[in-house]
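In our numbering, the protein residues as written are 142 to 465.
The structure appears right after this line, and notes come after that.
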Amino acid sequence: MGGDRGPEEIVAGALGAASDAVTPLVVGPPTLDSHGLELIEASQVIGNDEKPTQAVRAKPDSSLVVACRAVAEGRAEAVVSAGNTGAMLTACLRELRRIPGVRRPAIAVTIPARHGPSVLIDSGANADARPEDLLQFAHMGAVFAEEILDVANPEIRLLSIGEEPEKGNELTLEAYELLAASELNFRGNTEGRDLLEGAADVVVTDGFTGNVVLKLLEGTIKNLLDAFREEITATARGQLGGLLIRPAARRLRHRLDPDTYGGAYLLGLRRLAVIAHGNSSRRAIANAIRLAARGVDHDVVGRLEQRLGSTVLASGPSTTPSPT
Numbered sequence: 142m143g144g145d146r147g148p149e150e151i152v153a154g155a156l157g158a159a160s161d162a163v164t165p166l167v168v169g170p171p172t173l174d175s176h177g178l179e180l181i182e183a184s185q186v187i188g189n190d191e192k193p194t195q196a197v198r199a200k201p202d203s204s205l206v207v208a209c210r211a212v213a214e215g216r217a218e219a220v221v222s223a224g225n226t227g228a229m230l231t232a233c234l235r236e237l238r239r240i241p242g243v244r245r246p247a248i249a250v251t252i253p254a255r256h257g258p259s260v261l262i263d264s265g266a267n268a269d270a271r272p273e274d275l276l277q278f279a280h281m282g283a284v285f286a287e288e289i290l291d292v293a294n295p296e297i298r299l300l301s302i303g304e305e306p307e308k309g310n311e312l313t314l315e316a317y318e319l320l321a322a323s324e325l326n327f328r329g330n331t332e333g334r335d336l337l338e339g340a341a342d343v344v345v346t347d348g349f350t351g352n353v354v355l356k357l358l359e360g361t362i363k364n365l366l367d368a369f370r371e372e373i374t375a376t377a378r379g380q381l382g383g384l385l386i387r388p389a390a391r392r393l394r395h396r397l398d399p400d401t402y403g404g405a406y407l408l409g410l411r412r413l414a415v416i417a418h419g420n421s422s423r424r425a426i427a428n429a430i431r432l433a434a435r436g437v438d439h440d441v442v443g444r445l446e447q448r449l450g451s452t453v454l455a456s457g458p459s460t461t462p463s464p465t
C-alpha cells in the first residue's frame, strides 16, 4: 500500500511475476482487488512522510509490518515492499531479526556498470558505520555477487577519494586495513567516477555515502537519457538518425533502467527482504519479486549465515541502523 503509484500498480506487478515457480501474496485492506492472488488482510497503512520507528510501533496491522510478519511466521519466503524505506528497515529488524553476528544489515543495490553489473553496499541502511561494519558489508556483497550475479571470487573495492591506501577519512582508512587483512579478494580503493565503468564486482561504503552516490547515479542516468532523446527528436535529421540507432538506444536504456533489477536486498537478516523504489512501475515490482525468488532459490540467507558465522566476529552489541 505504500508505493507512489498506488496499490493497483503493485498488484499488476505481482501478477506479472506469478508463474509455476513463484506465487506472490499481496497484503492490503479487505477491499483491495487482488485479481485472484491470495490476499493477506491488513487494516493500516504507513505513509512515506511518517517517522519510521513511531509508525511501525503505532501501526502493527499496517500492510508493510504484516508482510514482514508473514515471512517471519513462514507464510512466505521473502518480502518485497515499495513503501517507506525507513519503516521497512525497522519492521524487518523487529520481525525478521538479524543473522547472529551481524551488527547492522545493509542494502545491496545492483549498479548497471559498463562491463557488467556490480554491487554497491551499503546503499542507505546505515547513515553511520564502523570499520568492522564495512568488513561485514564486503562479505555480504561477496555472497550477493556470487549467488545472484554468478561471479566467482568477486573483486572487492572500497569507495574513497583516491585509489591510494592513505587516501580517505578515518572510517575508510581503518576499513582498508581490515579488508586488506581479510580472505576476501580485496583490490584496494576506487573512486566514484569509476562506478559506471565497472570499478569492481562489489563496492563497499557506508550507508550515507552510498545513498548519496546511488541517487546521484540514478539522477545522472535519467537526465542523460532524457536529454539524448530530446536531442534526437529536436530536428528532422535527428529523427532520421534516431531510427537507425533505435535498437542500440533501447538496449542502452534497458541496461541502465533501474526497473530492470526492480529492487535491492536488505542483507544480514534471517529472512529475505527486497526494497523497491517508491515510484516502482509494475515492471519494476515484477522484477523485484523475481529478485527475491532468486535469492530464495540460491539460499542467500543460508550462505550469509555460513560465511558470517565462520569468518566474521561480531564486534560489540547489535545496534539499530539509522535509515537514510
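We put the CB at the ideal spot given by N, CA and C, even for glycine.
Quick caveat, the model's predicted, so the values are computed rather than measured.
Measuring alpha carbon to alpha carbon, tell me which of Thr376, Ile297, Glu371 ends up nearest Glu332.
-> Within the sequence shown, residue 332 is the residue found at index 191, counting from 1. The shortest C-alpha separation from Glu332 is found at Ile297.
Do you know how far the Cα of Ile302 is from the Cα of Val212?
-> Here residue 212 refers to the residue found at position 71 of the sequence shown. Here residue 302 refers to the residue found at position 161 of the sequence shown. Put simply, the backbone Cα of Val212 is about 40 Å away from that of Ile302.
Let me know the secondary structure DSSP gives Tyr402 once reduced to three states.
-> The sequence position of residue 402 within the sequence shown is 261, counting from 1. Tyr402 sits in coil when the DSSP states are folded into three classes, being neither helix nor strand.
How would you write the range of the beta strand (DSSP E) that Lys414 sits in, first residue to last?
-> Reading the sequence shown from its first residue, position 273 is the one you call residue 414. For the sequence presented, residue 414 should be read as Ala rather than Lys. Residues 413-417.
Please determine if the stretch 233-241 and the stretch 428-435 are in contact, where contact requires at least 3 C-beta pairs separated by less than 8 Å.
-> Short answer: they don't touch.
Whole-Å CB distance - Ala183 paired with Asp202, under 8 Å assumed | Here residue 183 is taken as the residue at index 42 of the sequence shown, counted from 1. Here residue 202 is taken as the residue at index 61 of the sequence shown, counted from 1. A Cβ-Cβ separation of about 6 Å places Ala183 in contact with Asp202 under the 8 Å criterion.
Touch test, the stretch 329-345 against the stretch 251-260, Cβ-Cβ under 8 Å, three pairs minimum = Result yes; three or more Cβ-Cβ pairs closer than 8 Å.
Distance, Cα to Cα, Val353 vs Ala266?
-> Taking the first residue of the sequence shown as 1, we reach residue 353 at position 212. Taking the first residue of the sequence shown as 1, we reach residue 266 at position 125. So the alpha carbons of these two residues sit roughly 12 Å apart.
State the DSSP-derived secondary structure class of Glu150, mapped to helix, strand or coil.
-> Numbered from its first residue, the sequence shown carries residue 150 at position 9. In this structure, Glu150 counts as helix in the three-state DSSP scheme.
Should Ala405 be labelled buried (16 or more other beta-carbon atoms within 10 Å of its own) or exposed?
-> Here the question's residue 405 lines up with position 264 in the sequence shown. Buried, because 16 or more other Cβ atoms sit within 10 Å of the Cβ of Ala405.
Buried or exposed: Asn225, going by 16 or more other Cβ atoms within 10 Å of its Cβ?
-> Translated into positions along the sequence shown, residue 225 becomes position 84. So Asn225 ends up on the buried side.
When the Cβ atoms of the stretch 276-287 are set against those of the stretch 315-330, are three or more pairs found closer than 8 Å?
-> Short answer: they touch.
Flag this pair as touching only if the stretch 145-156 and the stretch 418-426 have three or more C-beta atom pairs under 8 Å; answer yes or no.
-> Yes, the stretch 145-156 is in contact with the stretch 418-426.
Pull up the distance between the alpha-carbon of Thr460 and that of Val243, whole angstroms please.
-> Working through the sequence shown from its first residue, we reach residue 460 at position 319. Working through the sequence shown from its first residue, we reach residue 243 at position 102. Since pLDDT at Thr460 reaches only 47, below the 50 mark, its modelled position is unreliable, and no value is offered.
Quick one: measure Cβ to Cβ for Val250 and Ala232, integer angstroms, because I've assumed they're closer than 8 Å.
-> Residue numbering aside, residue 250 sits at position 109 when the sequence shown is read from its first letter. Residue numbering aside, residue 232 sits at position 91 when the sequence shown is read from its first letter. That belief does not hold up - the Cβ atoms of Val250 and Ala232 are roughly 20 Å apart, past 8 Å.
With 16 other CB atoms within 10 Å as the buried threshold, where does Arg387 fall?
-> Numbered from its first residue, the sequence shown carries residue 387 at position 246. Here Arg387 is exposed. Its C-beta has fewer than 16 other C-beta atoms within 10 Å.
Option nearest Leu312 by Cα separation, candidates Leu300, Val167, Gly144, Glu149 = The count along the sequence shown starts at 1 and reaches residue 312 at position 171. Nearest option by C-alpha distance: Leu300.
With DSSP collapsed to three states, give me the class of Gly450.
-> Locating residue 450 in the sequence shown gives position 309, counting from the first residue. Collapsing the DSSP output to three states places Gly450 in a helix.
Boundaries (first-last residue) of the beta strand (DSSP E) holding Leu300 | Translated into the one-based positions of the sequence shown, residue 300 becomes position 159. Looking at the DSSP string, the run of the beta strand (DSSP E) that includes Leu300 is 296-300.
In three-state terms, what does DSSP make of Leu325?
-> As a working note, residue 325 is residue 184 in the sequence shown. Note: Leu325 maps to coil in three-state DSSP.
Cβ neighbour criterion (16 or more within 10 Å) applied to Ser264 = Residue numbering aside, residue 264 sits at position 123 when the sequence shown is read from its first letter. By the 10 Å Cβ count, Ser264 comes out buried.
Please determine, among Arg391, Phe369, Leu407, the residue with the shortest C-alpha to C-alpha distance to Thr401.
-> Locating residue 401 in the sequence shown gives position 260, counting from the first residue. Selected option, being the one with the closest Cα: Arg391.
Leaving out the 5 sequence neighbours to the left and right, which residues in its chain are closer than 8 Å to Glu159 when beta-carbon positions are compared?
-> On the sequence shown, residue 159 is found 18 positions in, with the first residue counted as 1. Per the sequence shown, the amino acid found at residue 159 is Ala instead of Glu. If we look at Ala159 and ignore the five residues flanking it on each side, its Cβ neighbours are Pro165, Leu178.
Through-space distance from Ser259 to Asp347, alpha-carbon basis | One-based indexing of the sequence shown puts residue 347 at position 206. One-based indexing of the sequence shown puts residue 259 at position 118. Their backbone Cα atoms lie some 16 Å apart in a straight line.
Ignore the nearest five residues each way along the sequence and tell me which others in Gly436's own chain have a CB closer than 6 Å to its CB.
-> As a first step, residue 436 is located in the sequence shown; it is residue number 295 there, counting from the start. These residues qualify, in order along the chain: Leu413.
Distance, Cα to Cα, Ala286 vs Val442?
-> Start at 1 with the first residue of the sequence shown, and residue 286 comes out as number 145. Start at 1 with the first residue of the sequence shown, and residue 442 comes out as number 301. When rounded, the distance between both Cα atoms is 13 Å.
Spatial distance of Glu191 from Ala377 (CA atoms) = Indexing the sequence shown from 1 puts residue 191 at position 50. Indexing the sequence shown from 1 puts residue 377 at position 236. Per the coordinates, the alpha-carbon of Glu191 lies some 49 Å from the alpha-carbon of Ala377.
Give a yes or no on whether the C-beta atoms belonging to Ala228 and Val415 are separated by under 8 Å.
-> Stepping through the sequence shown from its first residue, residue 228 is reached at position 87. Stepping through the sequence shown from its first residue, residue 415 is reached at position 274. Cβ atoms of Ala228 and Val415: not closer than 8 Å.
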